[in-house]
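Take a look at the structure set out below.
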Amino acid sequence: MPRQVVEFLQEANRRVAEFIESGRSQLTGFVPSDYAVAYRALQAIRAGHLVSGNRFCEWGSGFGIVAILAAMLDFDASGIEIEPTLVDHANQLADDFACPVEFVCGSFIPRGAERLAEEMYEESDSFWLVTETDESYDELGLEPDDFDLIFAYPWPNESSIITKLFERTAAHGALLLTFSHLDSLRLVRKVSA
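Under my numbering, the sequence shown has 89 at position 82, and the numbering climbs by one with no breaks.
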């Protein structure tokens, strides 16, 4: 792992630990993923030429660490996060490491997918996912089908919602990389329109 990435991860993990120890994470539902594993997966996707383009979005970006790691691998990275406090932390972290990542505060549920999200939400007994839509994609100047690679760390009962949203809104050939509460990653490609 490059030294720049190691130093970034050390600082990012320090800030995340401080945030969790302060008790503020309970108010936001923030749970960190294994960022070193996520970086290695992004690195393998990039090195293996698995992704068809350069646009990356982190759905539910939290501290924005995975989006920043994607930017370090030369992806045009962005993140969408519903909690303003976490967006502030993400922007500060990106600024401190001079990483060009755009974070917006809002819902990653795309317009037109509200009904699907609500139906799936009711079936899964989820309580963290906000199923309303807003101007997040407008703020980015992009639509879900503009992204070549999307990363998410869903709550266990929200995995199917994330996958169905991806299948409905992503471009043909786009990739969805998800981190699991079981410390594993899953990579899927959209192969049908």
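Ideal placement from N, C-alpha and C gives every residue a C-beta, glycine not left out.
N- and C-terminal bounds of the beta strand (DSSP E) containing residue i
{"i": "residue 156", "result": "156-159"}
{"i": "residue 85", "result": "83-88"}
{"i": "residue 195", "result": "192-196"}
{"i": "residue 201", "result": "Here the chain comprises residues numbered 8 to 200, so residue 201 is not present and cannot be evaluated."}
{"i": "residue 183", "result": "182-186"}
Own chain partners of residue i with C-beta closer than 6 Å, once the 5 adjacent residues on each side are dropped
{"i": "residue 98", "result": "110"}
{"i": "residue 65", "result": "73, 74, 86 and 158"}
{"i": "residue 160", "result": "40 and 186"}
Boundaries (first-last residue) of the alpha helix (DSSP H) holding residue i
{"i": "residue 169", "result": "166-176"}
{"i": "residue 25", "result": "10-28"}
{"i": "residue 73", "result": "72-79"}
{"i": "residue 146", "result": "143-147"}
{"i": "residue 111", "result": "No alpha helix (DSSP H) contains residue 111, which is instead part of the beta strand (DSSP E) from 109-112."}
{"i": "residue 91", "result": "91-103"}
{"i": "residue 44", "result": "42-54"}
Beta-carbon contacts of residue i that lie in its chain and below 8 Å, excluding the five residues immediately before and after
{"i": "residue 153", "result": "62 and 178"}
{"i": "residue 198", "result": "179 and 180"}
{"i": "residue 52", "result": "58, 156, 182, 184 and 194"}
{"i": "residue 192", "result": "44, 45, 48, 184, 185 and 186"}
{"i": "residue 190", "result": "41 and 44"}
Residue of the options minimising C-alpha distance to residue i
{"i": "residue 82", "options": "192, 93, 60 and 172", "result": "60"}
{"i": "residue 151", "options": "164, 173, 159 and 166", "result": "173"}
{"i": "residue 84", "options": "108, 22, 93 and 163", "result": "108"}
{"i": "residue 145", "options": "39, 68, 101 and 113", "result": "113"}
{"i": "residue 41", "options": "29, 54, 23 and 30", "result": "23"}
{"i": "residue 171", "options": "190, 117 and 149", "result": "117"}
{"i": "residue 8", "options": "76, 56 and 190", "result": "76"}
{"i": "residue 26", "options": "96, 10 and 54", "result": "96"}
Proximity test, residue i beta-carbon vs the ligand GDP heavy atom, cut-off 7 Å
{"i": "residue 13", "result": "Ligands in the displayed structure: none, and consequently the ligand GDP is not present."}
Cβ neighbour criterion (16 or more within 10 Å) applied to residue i
{"i": "residue 79", "result": "buried"}
{"i": "residue 167", "result": "exposed"}
{"i": "residue 101", "result": "buried"}
Same chain only: Cβ atoms within 7 Å of residue i, ignoring 5 sequence neighbours per side
{"i": "residue 175", "result": "120 and 123"}
{"i": "residue 147", "result": "85, 109 and 111"}
{"i": "residue 93", "result": "35, 37, 69 and 70"}
{"i": "residue 143", "result": "87, 111, 113, 114 and 115"}
Would the stretch 65-73 count as touching the stretch 15-24 if we require 3 or more Cβ pairs under 8 Å?
yes
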